[in-house]
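Q: Position one of the sequence shown corresponds to residue 661 (this note's numbering), numbered consecutively onward. A virtual CB, placed ideally from N, CA and C, is assigned to each residue, including glycine. Pasting a structure here, questions to come.
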Amino acid sequence: MTKRLEGRDEEILEPDLPIVDPHHHLFERKGVRYMLDECLDDMRAGHNVVASVYVETGAFMRRDGPEVLRPLGEIEFANGIGAMCSGTEYEGPQVCAGIVGKADLRLGEQVGWLFDRALAVAPERFRGIRQISMDHPSDLPYRYFSTGRPPQGLYHHPKFREGFAQLAARGLSYDATGFHLQLPDIGDLADAFPDTPIVVNHMTIAMGLEMSPDERQALFADWRDKLAEVAKRPNVACKVGGLGMPVWGFGFETRADVVGSEELADVWRPYVETAIGLFGAERCMMESNFPPDAFSCGYVPLWNALKRITAGCSEEEKAALYSGTAARVYRLGV
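What follows is the structure in structure tokens.
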């Protein structure tokens, strides 16, 4: 993730536009560190980031105790960061103003125990959970995931929906991270649980590694059509970003030179504009997905690229895209 600091000499576009970054991580594993110091260094680099939502990576899990409660360690960690960043001695963005924790919905009704404990320890910040479902017939994408290959067939596990049903009863949301091949399953889930907010992460990834131009064109069309079907569900919102991850196949991670926001915007534009066009600004939230997106670019050019793409949006649309939708969906007091 060596590109994290690159591009900081770029002029900050729309520097006063408030940003609630709805998707970032904190962790330290396998020699890769992205903790509060690095996060604040990015968020204070020029863009007006006022708050953020922490999304799980399975970090800081409890070492012992009941398996269902192991993810509580990460929620407690993120809640501590959030409490510190909202305290009177602190000046800066409210990092971890919202928390999306980890849970294994295959545990069925038992997972409600975790939700109740999480709401007890982090009532002002715990807003929902994520369980990654990234099924792909190719082994190519998994070489980029430090957490390994997620469980296959997650949405079809016999107890998954029993576990999912525990969310609505507690007013919690579900973050759906997957490849675009999982979009039909996400749509079915939204139909079955219309009272549960579902947030599509990274627009779902159209895995484009080692594809020809014609194959990429066909992939884009299939991704667009599947995303359009899911966008018909009113309880589904969309995080717009994650395009810096190598699995999209853009190849920026292989570049030795600094990748600037103009080039990023040119490549990302079709995907970003498609997602916003399908969901509308009121159901879209622009995200950094840092540090994974640092494979391709720095934090400053990432936000500049997104701002370039949305330059033609109205002030009301920008307010929703960059802060309003995230604050509403995750019920943030910012």
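Nearest-angstrom Cα distance between leucine 767 and glycine 838?
A: Looking at the two C-alpha atoms, the distance is approximately 20 Å.
Q: On a Cα-Cα basis, can you pick out the residue from Val755, Glu698 and Gly733 that is closest to valine 994?
A: Of the listed residues, the one whose Cα sits closest to valine 994 is Val755.
Q: Can you check DSSP and say which residues form a bridge with glutamine 754?
A: Partner(s): Ala711.
Q: Taking 8 Å as the cut-off, does the region 927 to 939 touch the region 688 to 708 (at least 3 CB pairs, one atom from each stretch)?
A: Touching, no.
Q: Kindly indicate the opening and closing residues of the alpha helix (DSSP H) around lysine 899.
A: No alpha helix (DSSP H) contains lysine 899, which is instead part of the beta strand (DSSP E) from 896 to 900.
Q: Would you kindly work out how many angstroms separate the C-alpha atoms of valine 859 and alanine 987, rounded to a whole number?
A: So the two alpha carbons sit approximately 13 Å from each other.
Q: Looking only at DSSP bridge pairs, what is lysine 892 linked to?
A: None, per the DSSP bridge assignment.
Q: Which value, in whole angstroms, describes the spacing of the CA atoms of phenylalanine 737 and aspartate 874?
A: Cα to Cα, the separation comes out at about 46 Å.
Q: With the cut-off set at 8 Å, would you say valine 919 and tyrosine 804 are in Cβ contact?
A: Contact flag unset, no.
Q: For the region 783 to 821, list the beta strand (DSSP E) runs that are entirely contained and at least 3 residues long, ordered along the chain.
A: Here the runs fully enclosed are 786 to 790.
Q: Under 8 Å, do phenylalanine 775 and glutamine 826 count as touching if we go by C-beta distance?
A: Yes, Cβ-Cβ distance for phenylalanine 775 and glutamine 826 is below 8 Å.
Q: Three-state secondary structure (DSSP) at cysteine 745?
A: The answer is helix: DSSP assigns cysteine 745 an H, G or I state.
Q: On the three-state DSSP scale, how would you describe phenylalanine 950?
A: In this structure, phenylalanine 950 counts as strand in the three-state DSSP scheme.
Q: Would serine 921 and arginine 968 qualify as a contact pair, given that the criterion is a beta-carbon distance under 8 Å?
A: Against a cut-off of 8 Å, the Cβ pair of arginine 968 and serine 921 comes out as a contact.
Q: Taking all protein chains shown into account, do 16 or more other C-beta atoms lie within 10 angstroms of the C-beta of glutamine 791, making it buried, or fewer, making it exposed?
A: Buried is the call here.
Q: Determine the direct distance from the alpha carbon of asparagine 895 to that of proline 854, and round the result to whole angstroms.
A: Their Cα atoms are separated by approximately 6 Å.
Q: Report the rounded CA-to-CA distance for alanine 935 versus cysteine 944, giving the unit in angstroms.
A: So the alpha carbons of these two residues sit roughly 8 Å apart.
Q: Helix or strand or just coil, what does DSSP make of cysteine 699?
A: Correct three-state label for cysteine 699: helix.
Q: In three-state DSSP terms, what is lysine 762?
A: In the structure shown, lysine 762 sits in a strand (DSSP, three-state: E or B).
Q: Taking DSSP as the reference, what is the three-state secondary structure of isoleucine 672?
A: Coil at isoleucine 672, not helix or strand.
Q: Let me check one thing: in DSSP terms, what residues is aspartate 681 bridge-paired to?
A: DSSP, once it has assigned bridges, lists Ser712 as partnering aspartate 681.
Q: Mind listing, in chain order, the continuous alpha helix (DSSP H) runs of no fewer than 4 residues lying wholly within the region 848 to 888?
A: List check, alpha helix (DSSP H) in window: nothing returned.
Q: Give a yes or no on contact between the region 751 to 765 and the region 702 to 716, applying the rule of three or more CB pairs nearer than 8 Å.
A: Yes: the two stretches touch, three or more of their Cβ pairs being nearer than 8 Å.
Q: Since alanine 836 is in the beta strand (DSSP E), which residue starts that stretch and which ends it?
A: 833 to 836 is the extent of the beta strand (DSSP E) around alanine 836.
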